[in-house]
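A.B. asks:
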Amino acid sequence: VQSIKEKKVENELGGPLPLLLMDRGTIAKGKELSHEIKERRKEAAAKYSVPIPRIAGLSEVETFNVVTTGKKRGKHWKRMVVKPCFVGDNFTRKTPKYERFIRPMALRFKKAHVTHPELKTTFCLPILGLKTNPHSHLYTSLGVLTKGTIIEVNVSELGIVEQNGRVVWGKYAQVTNNPEYDGCVNAVLLS
């Protein structure tokens, strides 16, 4: 923790300070506040450390294929997702005319092979949702599964219990493989 330098400006005449000099006598509150926020972020980052901290970038050209539509094939606004993705159970497609992103059924995953770091065993667990994809917010909203993606899995089968006695239903895990090459999703539970 760094100490923040204090600047004190005293009025030489002994009277009240003019308005323009009022905030010069106090600690720079903006610096103090930003320093505090940075410290909190560091603590949060340390708390949620992940097995794969950095991931190589992924361009949209690799993830999407352009689908042409219309009688003369002149419309180019549709995209087909060519990477594996997770789609929830309550998802309903839009009508084909208005569907901007097409996620093929063959590339949808519902289960992941999750390794418990302490038990050193792997379980096939259902995926509950996708927390974040480090490549972009668009990939997160579409549910694209790539290396480094944080997913939520159902760990009720494992019987993990909290200190207060409640059974844990969902836990986060990070994808450790490239699902598009392997045909399955491998992940490690985050502690």
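Numbering (the UniProt record's numbering), first residue to last: 1 to 191.
For glycine and all other residues, C-beta sits at the position ideal for the given N, C-alpha and C.
In its own chain, which residues sit with a C-beta less than 6 Å from the C-beta of P51, not counting the 5 before and 5 after it?
C.D. replies: Only Q174 and V188 meet the Cβ criterion.
A.B. asks: On the premise that T63 lies in contact with V185, defined as a C-beta separation below 8 Å, what is that separation, rounded to the nearest angstrom?
C.D. replies: Actually they do not touch by this definition, with Cβ atoms about 16 Å apart.
A.B. asks: Let me make sure I understand the geometry here. Which of L107, A44, E162 and N154 has the alpha-carbon closest to that of P126?
C.D. replies: Closest option to P126, Cα to Cα, is N154.
A.B. asks: Quick one: residues in its chain with C-beta nearer than 6 Å to the C-beta of G129, no 5 flanking neighbours on either side, listed in chain order?
C.D. replies: Within the same chain, G129 has close Cβ partners E152.
A.B. asks: For V161, which residues of its own chain have a beta-carbon under 8 Å away from its beta-carbon, when the five flanking residues on both sides are left out?
C.D. replies: Once the five neighbours on either side are set aside, the close Cβ partners of V161 are V167 and V168.
A.B. asks: Could you please give me the residues that DSSP links to L125 through a beta bridge?
C.D. replies: DSSP, once it has assigned bridges, lists A112 as partnering L125.
A.B. asks: Could you tell me which whole alpha helix (DSSP H) segments of length 4 or greater appear in the stretch 135–188?
C.D. replies: Segments of the alpha helix (DSSP H) lying fully in the stretch 135–188: 137–142 and 179–182.
A.B. asks: Which word fits G165, buried or exposed, when buried means at least 16 other C-beta atoms lie within 10 angstroms of its C-beta?
C.D. replies: Under this definition G165 is an exposed residue.
A.B. asks: Could you name each continuous alpha helix (DSSP H) segment of 4 residues or more that falls completely within the stretch 58–109, going from the start of the chain to the end?
C.D. replies: 60–63, all fully within the stretch 58–109.
A.B. asks: With a 10 Å radius around its C-beta and 16 neighbouring C-beta atoms as the bar for buried, classify G148 as buried or exposed.
C.D. replies: By the 10 Å Cβ count, G148 comes out buried.
A.B. asks: With H, G and I counted as helix, E and B as strand and the rest as coil, what does DSSP make of residue 198?
C.D. replies: Outside the displayed span of the chain (1 to 191) sits residue 198, for which this structure offers no information.
A.B. asks: Near I55, which residues of its chain fall below 8 Å by C-beta distance, leaving aside the five closest residues on each side in sequence?
C.D. replies: Only P134, H135, T146, K147 and G148 meet the Cβ criterion.
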